[in-house]
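Residue numbers (my numbering), protein chains in the order written: chain A, 1 to 355; chain B, 356 to 621.
The beta-carbon is built from N, C-alpha and C at its ideal position, and this holds for glycine as well.
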Amino acid sequence: MKARGVGVRLVGISKSYGSVVALQPTDLAVEAGEFLTLLGPSGSGKTTMLNSIAGYVEPDRGSILFGGTDVTTMPARSRNVGMVFQNYALFPHFDVFANVGYGLRARGVGKSEIARRVAAALALVQLDGYGDRKIQQLSGGQQQRVALARALVIEPDVLLMDEPLGALDRQLRKTVQLELRRLHELHGRTTVYVTHDQEEALILSDRVAVMHEARIVQVGTAAELYTAPVDAFVAGFIGESNLLPVRVLALSAGVARIEVPDLARDLEVMASPDVAIGRPARLLLRPEHVVLDAAGGVPGSIDEIVYLGEIISARITLASGAQIWARRLANSPLERGASIRVGWAAQHLRVVAER
Amino acid sequence: MNSTPLLVRVAINCLAAITLGFLVLPILAVIPASFNAASFITLPPASVSLRWYRSFLLDGEWMMTLINSAAVASLTTAIALLLGTSAALGLQQLGERASFVLKGAFLAPLVVPVIVTAIALYRSMIDIAMTGTIWAIAIGHAILALPLVIIMVGVSLRAVDPTWHLAAAGLGAGRWMIFRTITLPNILPGIIGGAVFAAMTSFDEVVIAVFLAGYETKTLPVKMWEVIRIEFTPVAAVAATFMILLAMSLFLVVRTVGPRDVERPS
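Structure below.
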């Protein structure tokens, strides 16, 4: 994979609208050729951040660098950025060819060169021969690909995508995700992608920046975010999780001794950096790490069973009244109402700060 | 399927037919009246003749007023389109409150009695020595036509998705290219509709024209008004027939290319 495009660096950028803070002072570095996703619930500041990179929003403070160039005050049209909008923003009065060629036309590229590059871009998104179609004649998935071709044909330094798969049905979304992944591996263009769908973020990205309440909470690879979340928000947002309240008794070298009332015992587990004695914290117990029928485990009963295809998910009420979810392969049956003893794979437990 | 009692339905349909008749019949009556051979407007025409068409078309003064009206209508349309389209574009850029207040001001000519506007204009035009000019009448008519253009263009602007502008800017287009290639093609139906309404407003306007027109700049409706007061010959019906034909053809233009109440797929 060869990297195209430039690295993007955001240094202390922030944005407020009146008294509403859209983005707290934030730093972020996207490597050249990297696929980075901004993941977070709506209102977490991810679109504000994307629009700052695109040049649609001017941050109140801080600076934005493309490679070595400061683009903070450069208008959108002078930045070489390709944007795919959530609603695609295709021009309805143009055909596919004119839509895809628009950026080249704006750059004063010659007619024959435009024809050649548009054809290549359409081939890239597997829409060969669709040039003279009207936008309204295309399906949602095809429109999405036209929008992508329009953004790519200008050879952007950075490709930005704002929830581009939001309007597609689930089945199609899977296909397009793999397609986006293929295109990125083919071209290695610096990409910043916005979504609130954690699964999508994990499938597509080299790294994910999890956003919450107008700031970045954690940046990391899918594995880092999953196995070592910095706090209860990230732990709850990435993957399925049980988060039990705990009291931190002692802390040394990244290992905490904690009291877990719901499990009726004290444990020694890995601790996230923000964990401190006296601060509220949670025990992260992933459903796949819950062991049912463990000798000497915590007593509980199964009160709900959900089949998820190859996996079975069970809700267990512990003796304390707390409820946790457990997952395992659906090859051995579980019975609702059955009394069981709950154990866990100790090496996977982690205590995280509550926020 | 229809639970309304028969009698009520018949009554409603009768009322609707009578209302429609009152609206349309006077328009249709003027056409046969124009083919009358007699010297008075009578219905039905005593005998059919093109006599009054001949005297309309061969009369230098009628032709002069027709040309004056066409000139005034063209100027009015040009002024109203330029200012009205700019105003509609500007209003869209403003915040909600400012836009609401300004829009009220722009649409005021719709509710201010025309006679008031006419008198005010008359006084002002004397001060700047413009009474009796084609331009004075056109400016007066443009005041009446401006709100119509603002409304028509405003409606079609609502169908323009703001993200199209962002997308175009992101692709490297400047303001002018965005206006020319994105905004204009999408609001063109509204502009054409506004142009038709502006032209029609001017073409049949009589109050402002009576105040501002001189002998040389008399418009067709002013001449019709004079003729009807003095002689009541079918030549006025001929003039009316021409106006109806013009109105109908312009109406067809609006229906074919004007703004439609269809949702755009986004």
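Taking all protein chains shown into account, decide if residue i is buried (16 or more other Cβ within 10 angstroms of its Cβ) or exposed.
| i | result |
| --- | --- |
| PRO620/B | Note that PRO620/B scores a pLDDT of 36, beneath 50, so its modelled location is shaky; the value from the coordinates is reported in the next line. By the 10 Å Cβ count, PRO620/B comes out exposed. |
| ARG350/A | buried |
| TRP519/B | buried |
| PHE35/A | buried |
| ILE340/A | buried |
| TYR102/A | buried |
| VAL8/A | buried |
| ILE311/A | exposed |
| ARG189/A | buried |
| LEU449/B | exposed |
| ILE238/A | buried |
| THR579/B | The identity of residue 579/B in the sequence shown is Met, whereas the question assumes Thr. So MET579/B ends up on the buried side. |
| GLN144/A | buried |
| TYR130/A | buried |
| ALA345/A | exposed |
| GLY296/A | exposed |
| ASN242/A | buried |
In its own chain, which residues sit with a C-beta less than 6 Å from the C-beta of residue i, not counting the 5 before and 5 after it?
| i | result |
| --- | --- |
| ILE216/A | THR26, ALA209 |
| GLU304/A | ARG315 |
| VAL466/B | none |
Cβ closer than 7 Å: which chain A residues qualify as neighbours of residue i?
| i | result |
| --- | --- |
| PRO540/B | HIS93 |
| ILE537/B | PHE91 |
Enumerate in chain order the residues of its own chain whose CB-to-CB distance from residue i is below 8 Å, with the five nearest sequence positions on each side excluded.
| i | result |
| --- | --- |
| ALA54/A | ALA76, ARG79, VAL81, MET83, LEU160 |
| GLY220/A | ARG207, VAL208, ALA228 |
| LEU462/B | PRO502, ILE505, ILE506 |
| ASP274/A | VAL230, ASP231, VAL352, ALA353 |
| ILE583/B | ALA591 |
Between residue i and residue j, is the Cβ-Cβ spacing less than 8 Å?
| i | j | result |
| --- | --- | --- |
| ILE506/B | ALA523/B | no |
| VAL100/A | ALA29/A | no |
| VAL608/B | VAL551/B | yes |
| ILE356/A | PRO164/A | Lying before the first or after the last residue shown, residue 356/A is absent from chain A, which here runs from 1 to 355. |
| VAL508/B | ILE547/B | no |
| SER424/B | PRO589/B | no |
| LEU526/B | ILE324/A | no |
| ASP128/A | VAL6/A | no |
| ALA201/A | VAL248/A | no |
| VAL290/A | VAL342/A | yes |
| ALA232/A | GLU354/A | yes |
| THR431/B | THR488/B | no |
| GLY495/B | LEU567/B | yes |
| LYS15/A | SER52/A | yes |
| ARG409/B | ALA392/B | no |
| ALA475/B | SER557/B | no |
| LEU180/A | LEU204/A | yes |
Name the chain B residues whose beta carbon is nearer than 8 Å to that of residue i?
| i | result |
| --- | --- |
| ARG77/A | ALA524, GLY525, LEU526, GLY527, ALA528, GLY529 |
| ALA149/A | Within chain B, no residue comes near ALA149/A; the closest Cβ sits about 12 Å away, beyond 8 Å. |
| ILE154/A | LEU526, GLY527 |
For residue i, which residues in chain A fall below 8 Å Cβ to Cβ?
| i | result |
| --- | --- |
| ALA516/B | Before going on, a small fix: residue 516/B reads as Asp here, not Ala. What ASP516/B touches in chain A: ASN87, ALA89. |
Closer than 7 Å by beta-carbon distance: list the chain B residues that pair up with residue i, in chain order.
| i | result |
| --- | --- |
| LEU103/A | Looking at the sequence shown, residue 103/A is not Leu but Gly. Those are LEU526, GLY527, listed as they occur along chain B. |
| ALA106/A | LEU526, GLY527, ALA528, MET532 |
| ALA54/A | GLY525 |
What span of residues does the alpha helix (DSSP H) with residue i cover, start to end?
| i | result |
| --- | --- |
| LEU243/A | Run containing LEU243/A: none in the alpha helix (DSSP H); it sits in the beta strand (DSSP E), 242-252. |
| HIS520/B | 517-525 |
| ALA591/B | 590-612 |
| VAL96/A | 96-106 |
| PRO381/B | 361-389 |
| PHE35/A | Unbroken run through PHE35/A is the beta strand (DSSP E), 35-39; no alpha helix (DSSP H). |
Starting from residue i, trace the beta strand (DSSP E) both ways and give me its first and last residue.
| i | result |
| --- | --- |
| LYS578/B | Segment 575-585 is the alpha helix (DSSP H) holding LYS578/B; no beta strand (DSSP E) there. |
| VAL230/A | Run containing VAL230/A: none; DSSP gives neither H nor E here. |
| PRO25/A | 20-30 |
| ALA314/A | 311-318 |
| GLN177/A | Per DSSP, GLN177/A belongs to no beta strand (DSSP E); it is in the alpha helix (DSSP H), 170-187. |
| PRO156/A | Note, PRO156/A: premise wrong, no beta strand (DSSP E); not H, not E. |
| PHE66/A | 61-66 |
| THR305/A | It should be noted that the sequence gives Ile, not Thr, for residue 305/A. From DSSP, the beta strand (DSSP E) with ILE305/A extends over 298-308. |
| SER441/B | Careful: SER441/B lies outside any beta strand (DSSP E), inside the alpha helix (DSSP H) at 415-448. |
What residues from chain A crowd round residue i, counting only those whose CB sits closer than 9 Å?
| i | result |
| --- | --- |
| TRP519/B | ALA89, LEU90, PHE91, PRO92 |
Considering only residues of the same chain and omitting the five flanking positions on each side of residue i, which have a CB-CB separation below 7 Å?
| i | result |
| --- | --- |
| PHE606/B | none |
| ALA602/B | MET555 |
| VAL533/B | The identity of residue 533/B in the sequence shown is Ile, whereas the question assumes Val. The answer, listed in chain order, is HIS520, ALA523, ALA524. |
| HIS184/A | PHE35, THR191 |
| ASP616/B | In this prediction, ASP616/B scores a pLDDT of 47, lower than 50, which makes its location untrustworthy; no coordinate-derived value is stated. |
| VAL260/A | LEU244, VAL246, LEU267, LEU283 |
Given that residue i touches chain C, what residues does it touch there, using C-beta distances under 8 Å?
| i | result |
| --- | --- |
| VAL81/A | Any reference to chain C falls outside this structure, whose protein chains are A and B. |
At a CB-CB cut-off below 9 Å, which residues of chain B make contact with residue i?
| i | result |
| --- | --- |
| ILE13/A | Within 9 Å Cβ-Cβ: nothing; ILE13/A doesn't reach chain B, min ~19 Å. |
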